Every structure is written in C-alpha cells, then in structure tokens.
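What follows is one structure encoded as structure tokens, with my remarks underneath.
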Amino acid sequence: MRIMTKQNLRDAFSGESQAHMKYLLYSTVAEKEGFSNVARLFKAIAYAELVHARNHLQVLGGIGDSEANLQDGIDGETFEIEEMYPAYKVVAELQGEKGAVRSTHYALEAEKVHAEMYTEAKKIVAQKNDIEIGLIQICDVCGYTKEGDAPDKCPICSAPKDKFISF
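The following block contains the structure:
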C-alpha cells in the first residue's frame, strides 16, 4: 500500500474510533437527561462509526488472530505504561493541570493491570485454549480492572464498590 493511502487510512481509523467513543459518551448524557431516542440515535451512529473503523483497520492489516491481537494489546498497554502516560502526567504536573494529572494517573495504573491480563491470556491462547475467567469488574471512575468480586474500595481512586460495573 502506498504511504499516503496508508497514512490516510490510519488517520481515518483514528477519527472513526474517536467518533465511536464520543457518540457513546453522548448517548449516556442523553439517557441521563431523559432523551431515550436521542441516546438511541447516538448509539446507532456510534456503531456505524465502529464499522468504518473496523473496515479501515482490516484494510491496513491490523486485525489478526487472537494471539496476535493479544500481543498488540500488550504492546499498546506497555507503550502507555512506559512512555505515553508518564510523559503526559509530567507535562500536566508542570502546567498545574490537576484534572489531567488525575486522569493520566488513573489510566497509567489501570493499564498496568490490563497488560498483565492480556499477557496471561496470551499464554493460554498460545496453547490453543480459551482463558477461564469470571466476572470482570471495572471501576467507572478510573478504569481499574479486576476479575471476580469488586473490592470494597478501588485501589487506584478509592471509589466505593457500587462504582464498579460488571462484565
């Protein structure tokens, strides 16, 4: 694939991915405000944006088998842990941006757990087996992730147990 087309598809994937997430977030606002049909519209169009992002990533060759996808997840989480979030947090601290310091800290700490979970899953998938996993609990405040029961208090942000969402 030619360089310009490849970069355009990468940019399109990024834009479609951001639109997907943004519209899902907008949907939750609409739901809270009592606009159920607006929420449904945002969810539907968010899905369309997901389809666009998937199509672009497929053309780029960015979707592999589960083992390759887990490795990509590990690589992405590791980059965020070792380079991206530490640098972003330092800049936020230097600029006195307390909200950005908090959000980058939350993400950095949660990404460490994600990398561990992907690494363990990849070991099992490499043996051609599926992982055994119970409920996955996500802290709705910081993104901390835990298998099993939610803790009484989030170890990253101290949110109470009722702030955890089960998957």
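Here the working numbering runs 174 ahead of the position in the sequence shown, where the first position is 1. By construction, the Cβ of each residue, glycine as well, lies at the ideal position given by its N, Cα and C atoms. From a predicted model like this one, the values you see are computed outputs, not experimental measurements.
Check: Which residue's Cα is closest to the Cα of I307: Y292, K327, I330?; Outcome: Y292
Check: Could you check which residue in H288, E241, H230, Y262 has the C-alpha nearest to that of T179?; Outcome: H230
Check: DSSP puts Q311 in a beta bridge; with which residues?; Outcome: K320, S340
Check: Grouping DSSP H, G and I as helix and E and B as strand, with all else coil, what is P334?; Outcome: strand
Check: Is K286 helix, strand or coil when you go by DSSP?; Outcome: helix
Check: Quick one: what does DSSP say K263 is sitting in, helix, strand or coil?; Outcome: helix
Check: Between the alpha carbons of D326 and E205, how many angstroms are there, rounded?; Outcome: 28 Å
Check: Is V287 near Y318, with beta carbons less than 8 Å apart?; Outcome: yes
Check: Need the endpoints of the alpha helix (DSSP H) that K180 sits in, please.; Outcome: 177 to 206
Check: According to DSSP, is K302 part of a helix, a strand, or is it coil?; Outcome: coil
Check: Under the DSSP definition of a beta bridge, which residues are partnered with K327?; Outcome: P334
Check: In or out: F253 buried (at least 16 other Cβ within 10 Å) or exposed?; Outcome: exposed
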